[in-house]
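**Q** Take a look at this one; I'll ask things after.
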Amino acid sequence: MKVSHNYMFRSLVVLVALLFLSITRIWAEQSQSEQTIKTFFNDIITIKVNKMTIKSGIFCSSIGLPYRMISVNDGAYNIRISLDGTTIYFFNQKGWSSSETDIVEGKGHADAISETNAFTFAIPLLNYLGFPTQKDDYKIVFCDNAYKTTSSVEDLWGASWLISKDLYSNGTRCRGRYLTVIISAASGKIVSFIHKPVIHPQNTMNVQVTYASAQQAALAWLTAAPYFTGKSPTINTSNTQGEVVIAQKEGSSQENTLCEDAISTYYCWEVNFDFIENEKSNPGKIWVNVETGEVIGDY
């Protein structure tokens, strides 16, 4: 069967047009990403962007939504940004502790900026991200897990303030969705943040499974789970009412360059349990789909 030259020509034109549109879209996304990043660095970090390098591939796991990874100024800063280039999910300054060696010399925790001042330094970022700027809305913790010479010395090197906020959807807690901002306790500069936005559930708040039934399903799952073999898992019955949360399905966030399996979330009963490990009691949580009774994950 012969194929007409007109058909082949039209097919070629369509192919070229689709290729052109695809390239145009990629260029537009890249241009938008560059503009978003430059604005962020100029307005929030107050650093000039000299170079940006986009890592090939699309990623999902650490955020739960598709994003691209971009290195700024030869790897001095790292960014994770939405595919449309409008939303920055993650920022960090590489080796920020070492960059402050001079200003922390001879200083200890008593010389750290205050909790209130740390939050004040975070306000421009919170405004940029569209979050409230009332200090009481956040959990703020002083951290010093780093040390320059030895862990026995209480220095200011690597010390920081962690400002965090759990996220909710229509009043329902979203497990694993949050904002965390890290502020240097020495300089007050923003050295890192991660924003894991709410991912709306794939089911509804149509509760078909009672909390008692969810507890039974959780115990059955624990009894059969290989990890808990010999660890005497028991359901914690101190909470008789239970709490419905939005939780992610276990195993739905594996990293891959094709982003084949982004995170899925569901309305779930949160069931507390305890298990024995290293000769001590440890707490855990299991999430049970409120519509189907399926255990979708644990923590």
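Residue numbers (my numbering): 95 to 393. All C-beta atoms, glycine included, are put in the ideal place defined by N, C-alpha and C.
1. Alpha carbon to alpha carbon, how far is D392 from E349? Give it in angstroms, no decimals.
2. On the CB-based measure, 16 or more other CB atoms within 10 Å of its CB, does I197 come out buried or exposed?
3. Just the Cα atoms here: how many angstroms apart are Y171 and T180?
4. Output the distance between the C-alpha atoms of L313 and A306, rounded to the nearest integer angstrom.
5. Tell me, which residues are paired with Q342 by DSSP?
6. With a threshold of 8 Å on Cβ separation, who are the neighbours of E344 within its own chain once the five nearest residues in sequence on each side are excluded?
7. Go through its chain and collect everything with a Cβ distance to Q187's Cβ below 6 Å, but skip five positions before and after it.
8. Could you name each continuous beta strand (DSSP E) segment of 3 residues or more that falls completely within the region 180 to 217, going from the start of the chain to the end?
9. So, under 8 Å CB-CB, L250 and K201 are touching, yes? Tell me the CB distance rounded to an integer number of Å.
10. Under three-state DSSP, which class holds S281?
11. Under 7 Å between the Cβ atoms of F369 and F287?
12. Taking the alpha carbon of S281 as the point to measure from, which residue in A253, Y262, S165 and A308 has its own alpha carbon closest?
13. Three or more beta-carbon pairs under 8 Å between the region 208 to 215 and the region 266 to 282, yes or no?
14. Tell me the rounded alpha-carbon separation between D231 and A341.
15. Tell me the DSSP secondary structure of E248 in three-state form.
16. Between the C-alpha atoms of L316 and Y361, what's the straight-line distance to the nearest angstrom?
17. Check the DSSP bridge columns for L219 and list the partner residues they point to.
18. Give me whichever residues DSSP pairs with I370 in a beta bridge.
19. Name, in chain order, the residues that DSSP records as bridge partners for R271.
20. Roughly how many whole angstroms lie between the Cα atoms of T133 and G158?
21. For a quick check, are the C-beta atoms of E371 and N300 less than 7 Å apart?
22. Let's see if you can read the secondary structure: which residues bound the alpha helix (DSSP H) around S411?
23. Is the beta carbon of P404 sitting closer than 7 Å to the one on F367?
**A** The answer reads as follows:
1. Bear in mind that a pLDDT of 48 at E349, under 50, signals an unreliable position, so the number given afterwards is only what the model happens to contain. The alpha-carbon atoms of E349 and D392 are separated by roughly 19 Å.
2. exposed
3. 18 Å
4. 11 Å
5. T359
6. I390, G391 and D392
7. Y171 and V285
8. 182 to 187
9. 4 Å
10. coil
11. no
12. A253
13. yes
14. 22 Å
15. coil
16. 20 Å
17. BP columns for L219 are empty, so no partner.
18. S375
19. In the DSSP output, where bridge partners are listed per residue, R271 has none listed.
20. 24 Å
21. no
22. Residue numbering for the chain in the displayed model covers 95 to 393; residue 411 lies beyond these limits and cannot be assessed.
23. The requested residue 404 is not part of the displayed model; the chain covers only 95 to 393.
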